[in-house]
Each structure stands twice: as structure tokens, then as C-alpha cells.
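Residues in the sequence shown are numbered from 5 upward in steps of one, following our numbering. Quick reminder that beta carbons are idealized off the backbone N, C-alpha and C, glycines included. Predicted, not measured: the structure shown is a model, and the values here were computed from it.
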Amino acid sequence: MSADQPSLAASSPLPGPEVLRGADGQSTPGTAPSRLGELRAEEEEEEQQEQRQRQRQRQQQQQQSQTQAEAQTEHQQDSHQTSRCQHQQGNDQGQDQPPVENRTPSPEQAREIVRLFQCRRCSVPYKDAVTLPCGRSICRTCLPATHTRTSITYPALLNRLQAFQCPFEECGKGHVLDDCGVDVILNKTARIMENEIERAKADALELKLSTHIATKDPWEAAGIASLKEDDTPPRVLSGGRLVATWALAAEGRLMFEAEVTYRELPSSPAQEDLTNFETKSLRRVQEAMRSEMDCQVCYALFYDPLTTGCGHTFCRPCLHRVLDHSRYCPICRRRLAINPLLKRSSCHPNESITKIMETFWKDELVAREETAAAELAARNRDLDLPLFVHTLAFPMMPTFLHIFEPRYRLMIRRVLEGDRTFGMVLPKQPRHSGDTYFHELGTLLRIVNAQFYPDGRSLIETVGLSRFRVLRHGQFDGYTVGKTERIDDVSLGEEEAMEAAEVGHDAGIRAAEGNPNDNHDVPAEDTNNHGGEALSHNNSSRAGSWRRSRRHSRESGAPETDADLDTMTTQSLMRFATGFVARMRQQSVPWLTERMPGIYGECPDDPAVFPWWFASTLPVKNVEKYRLLGTSSVRDRLKICGSWIIEMETVRW
């Protein structure tokens, strides 16, 4: 399957009946019985070939399974570091399982199959189908009118200003237009379905096969009298039940919720021959669409399919692993505005693709789910992350460590031999028996530089990658290891929704535009272990600074309480915090000396980075900074930083 997104506006024309009638290229009207015999013979030959192929595959799989069992035995004898690769190996082994035989859908399911490809708004088969963030799909031309969003200041990207109200009552949320890309997989399968329908229609013309079809109102189908007048009289259409139902939908005469009834015509072939013909058509559809249902990361049938804003679909676990390393789509390399945790409450599965798989490949889907569950259980048995119980670290910020204890020397050596990553957690005093001796939230660090001394000590430089929560932990060769889950921010859409819901009168705008030369001061005591000196102001100077700070807050409209922070836009929160840093720099406070920017860099202008930088430099207790690790949005972290600033500016020294 091609990984490139096709141009839906330039799709190739459907093949005509003349290329579907037979190998000799000649049509044979009036020879329906002989043609049915040929079809039965072809079907028997195909079944025999499939049986021989399946037998060869089983023999190959038995040999592969034996080889894998031997490799697994050797793998279980490996060291702790080798066990960290078990998840990927489990994926590879899962792909080598014997193929599952999928049952072909029954011809009686014709109405359900056609409904899989009908737009819920216009009721015709999908044209340029778009999958919304809520997981539902509609034609691109059926998207509601858009509007420009207001009260959104972060990230305030131009391509995220246009939004629309979801047309489905089950959702009712607002969707950003840029998050609704043309669904590549759904459109490919819809075109395959349309092509196979044309092929089956051509065969039906040769066989002079027709179907009597009538629509039934959904209320009538439920046994309830309907007041709606039926303007679609019964019709006789060429083809079997699937072809006739599709033709009715393509004409716009079959509403999405409507049911249909079929009636056998006197001139129709025998029921057994008709069923065989329709079953063969469905089998061709099933086989033609199967190659499009493979994930482009694991190359197996989609498991819990999730469609990104760019229109590409992946297994949810596969996309989760991709987002561990990159925020870009692995196919088109577009940056993904999606919650990296991929929680089902905010990142909904693709309903259309899920229903298509449940209809055509139910057996394979069940086997896929069992394999995924087994892999998850195997991973949960592993304590695969070394934990350094020492200090507080933050994402995107450097942390320098002096390694001298023998247990941590061993840990660092193993980390350097592996992927150079380990976890950093903040120690704490256990409150009761069985309580942990460290906080559950930590930061994943990667070693970027290491310097060793002859006596075995080392100095290592690390950088924060991401946050995690420790689920379980244990001891391994003297140091702590744990099973963790990653902590990530909500998606950009959720971040924007939070700001729009909270922002009222923005009391922080004037504060953000205030004069940076106004005198503000900071507490005299440095609690961040950065070696800062106590401020040398005398008591009268401190009192004057406090009065000036309070006067500045009142006159500029700066926030004075945490409740004031809730009403500020995210952009105003950022300006309020950076304005404070500018004032403190002008006063040459100890925590903004040349040494600190040399370690952590200059004050960043990116709201996503600023809170981590601010917490790394500000003289605040670690237990207070620890609050940042549990947040799920940039806005929440900026409000925490704002609360520190308010406290520092209002405390009278």
C-alpha cells in the first residue's frame, strides 16, 4: 500500500463493463446458466488453490514458531538491559503468527455493508471523506460553515483559528478545521468498494440478474407507524442485493437510517446460484480492501485505529510509540496537534474503519486484540527503567550529576551501554510503613556527556526528555528500577478550550504592558541550592521596595490573587511572568546572575519552555516546584509560575 496521500480530486475513472466480462473480452448475452456454471467452476478452483496455499503457510509457520521458541528461551536468559527490548521483539513475533481465516460477510448483510460507506449527513457514498477529531466521518462538502475563534491566545497559530461546531449531536463540540484532514484509508476503501461494485454489476448484466428492492422507514422497521410519506417506490435494479443497495444509495434515494427489503423475482436464477454469486462478489471486496487495512508502523491489521489531523491512520499503541520520540506524522511528517497520551476520552478511534474491520475481518481482529493484550501483559511484568533517587529535574532543562556511589556507578554504566536514558525522582520522607521513599512523579533524562575519573567517579550531563509516573518499583543490584507511564500535556485543542472557558475580564493585560523599570524585589533567602547570596538591602530599603511593588500592582492592574490569574489569557500570563524576570534582572538579583543563564540559557519566549526554565532558576522550594510535574497544560504551569510571583511580590520582608 502506498504511504502517500492520494489526490482525491484526480481519481482515475472507474473501469467499464467491457474490461470485466471475461478473459476472451466477448460478452455472452443470454447464456446465464452456462455462465453460472463457469463461475462455480472458477470458485471451486480458487478454493482449492487457497487450501493449498494455506497448507504451505501452516508448514512455514510451524518452522518459524519452533525457531522463535528457541530464540525466546535464549532471550529469557539475557540480562536486565536486554529485557528492555522485549516489547519490540514481541511485536515482531506477533506478526509471524499463523494467518487467520476471515469469514466472508453474508449477502444478507448488504444493507449494513453499504451503510459503512454512507455519509451520515448526505447519505450518499463517501466523497473525499473527512474524519473528525470525535472519530466520526462525513464528506468534505458536508462540513458545517466555519467561524473564527476568539479568546484563544496560545498557541494562536493562524491555521488553528477556523473552527466549526460538530454536526453530530453525540459530540456537539467545536472542531478546528485544520484537525480534520481527508481520511486516506477510508477514501481508498470507498474507491475499492465502488470499483468492485462496478465489476459485480457488469457480471450481473451478463447473467441478467436483477433485484427487487424497496426502502423502509426506520420507524416502520421498528414496528412504529411513521407519519413520513415514502417518496421512494419499490424498484427493480440490475445486480444482486449489494449492487442494488449501493446503486440506490449512490442515487441519493437511500437515507442513512433507512432499511430495505428484497424480493426474489420470478426470472432470477436459483437461490443457491444467486447466493454463490453474491458471496463471491463480497469475497473479492474483502480481499481487495484487506491490504489497505495494515498499519504503516507495525504492518499488521489496525488495532484500535486512530486517524490524525493529517488524515493518516495508525494503531493507537503504534502512534503512542511514535509520539515517544517525535511529534510528527511518520508518513507525511506534519506536526501533530494531538494529546501524546492518546486517551480515548480525547483521542477517539475512527468509527468507520473500526466498523469496516468488524464486518470484513472480525476473526483476524479478535486474534489481533488477543495478541495486543498478551504483549501488554508481558510489558507490565517488567521493571524496565532505572531510577535515580536524588533531586528534581525538568523536561528540556539540563541536570548535572556527580556519580560516586558504587550502585549508581553500575547503573550509569548500564545506562550508557543501553539507550542512555534513566529516570530522576525526588526523594521524600516515608510517612508510614510501606510508603515510598521518593515522589511518584519524575523526569526521564538522557545522558549527553560523561566524564570519568581514575577512581571510578564520573560527572554526567543530562537533559530532560519527558515526565512520568512510577506505577511499580523494586530493587535491582542495589538501585531502584520501576515501571512507569508517561505524562504528557493535553492536545492543542483541549488547551485552547481550557483558555476559552476560563478567560473573562483580563486583569493581566495592563500588567503585561507595565513598565519593566518598576522596582520589584524578591525574598532574601535562596531555597534552590544555587548558592545565591542574601540580598544586602537594609530593612528600610526592603520596606520601601515592598511598598513600591504593591503600588505597581495596584496601578498596573497586575494580578494580586490566584483567582486573578484564572481570568488572564495564556499570552498575558506569559507576559506577566517574563516582565517579572526583566525587572529582577535589572535589580541584579542573585538567582539571575551570569552563572544561571550560562547553565539554563536566557529567558525563553516559548510559553511551553518558560515554566521549566523559571522553576530551574527561581529560589523556590523543590516541593513547590514539584507541582509542575503533575500539570497537563502550558496554561496550568504558567498560572503556577504566576502564583510564585504574586507570593514573592506580596510577602513583606
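Using CA atoms only, rank isn't needed, just tell me which of the options is closest to residue i.
| i | options | result |
| --- | --- | --- |
| T215 | P594, P171, A114 | A114 |
| R411 | V393, C143, Q575, D493 | V393 |
| Q652 | M588, W617, E598 | As written in the sequence, residue 652 is Met, which differs from the Gln given in the question. It is M588 whose Cα lies nearest to the Cα of M652. |
| K177 | R144, G139, S127 | G139 |
| K192 | E261, S636, Q433, M293 | M293 |
| D459 | A208, I407, E606, D187 | I407 |
| P563 | R417, W648, E373 | W648 |
| R331 | S495, Y457, E379 | S495 |
| V134 | P111, V429, T108, V188 | V188 |
| F630 | C146, R338, K432 | At residue 630 the sequence reads Tyr, which differs from the Phe that was named. Ranking C146, R338, K432 by Cα distance to Y630 puts K432 first. |
| M3 | K625, T466, C123, K131 | This structure leaves residue 3 out entirely; the chain is present only between 5 and 657. |
| R144 | R125, L162, Y158 | R125 |
| M428 | P434, L396, T565 | L396 |
| D568 | L147, R348, V118, I644 | I644 |
| A341 | F260, L161, R239, A505 | L161 |
| A254 | F426, I201, Q455, R372 | I201 |
| N280 | L246, R257, V264 | L246 |
| D570 | E606, F580, W595, E506 | E506 |
| E444 | F456, A149, V627, P137 | V627 |
| C319 | F398, H352, R579, R287 | H352 |
Buried or exposed: residue i, going by 16 or more other Cβ atoms within 10 Å of its Cβ?
| i | result |
| --- | --- |
| G482 | exposed |
| S141 | buried |
| E592 | It is Ser, not Glu, that sits at residue 592 in the sequence shown. It counts as exposed. |
| L327 | buried |
| T219 | buried |
| I360 | buried |
| S110 | exposed |
| R3 | In this structure the chain extends from 5 to 657, so residue 3 is not present and cannot be described. |
| R107 | exposed |
| T654 | exposed |
| P270 | exposed |
| A206 | buried |
| S295 | exposed |
| V240 | exposed |
| T157 | buried |
| V624 | buried |
| E503 | buried |
| N163 | exposed |
| V370 | exposed |
| H436 | exposed |
| G646 | buried |
At the level of alpha carbons, what is the spacing between residue i and residue j?
| i | j | result |
| --- | --- | --- |
| A612 | K366 | 43 angstroms |
| E409 | G583 | 43 angstroms |
| F618 | L449 | 19 angstroms |
| R25 | A204 | Here the model assigns R25 a pLDDT of 35, short of 50, so the residue's position is not dependable and the matter cannot be decided. |
| R461 | D423 | 21 angstroms |
| V585 | R639 | 18 angstroms |
| A501 | M259 | 34 angstroms |
| I451 | F426 | 8 angstroms |
| Y266 | N343 | 47 angstroms |
| L147 | P171 | 8 angstroms |
| C302 | E112 | 34 angstroms |
| E282 | D308 | 30 angstroms |
| W250 | S350 | 34 angstroms |
| I117 | D492 | 39 angstroms |
| Q169 | F121 | 23 angstroms |
| D610 | T375 | 42 angstroms |
Can the beta-carbon of residue i be found closer than 8 angstroms to that of residue j?
| i | j | result |
| --- | --- | --- |
| E498 | L475 | no |
| T154 | Q166 | no |
| I217 | A262 | no |
| L405 | H477 | no |
| C333 | T312 | yes |
| Q300 | F364 | no |
| C322 | G185 | no |
| P615 | L632 | yes |
| H324 | L305 | no |
| A194 | G244 | no |
| W595 | L577 | no |
| Y130 | L181 | no |
| G468 | T447 | yes |
Curious, which full-length alpha helix (DSSP H) runs of at least 4 residues does the segment 247-324 contain? 275-294
What are the start and end residues of each continuous beta strand (DSSP E) run of 3 or more residues lying completely inside the segment 388-468, in chain order? 389-393, 402-407, 425-431, 442-456
Taking only runs that begin and end inside the segment 151-223, name each unbroken beta strand (DSSP E) of 3 or more residues, in chain order. 166-169, 178-180, 214-220
Mind listing, in chain order, the continuous alpha helix (DSSP H) runs of no fewer than 4 residues lying wholly within the segment 322-376? 355-364
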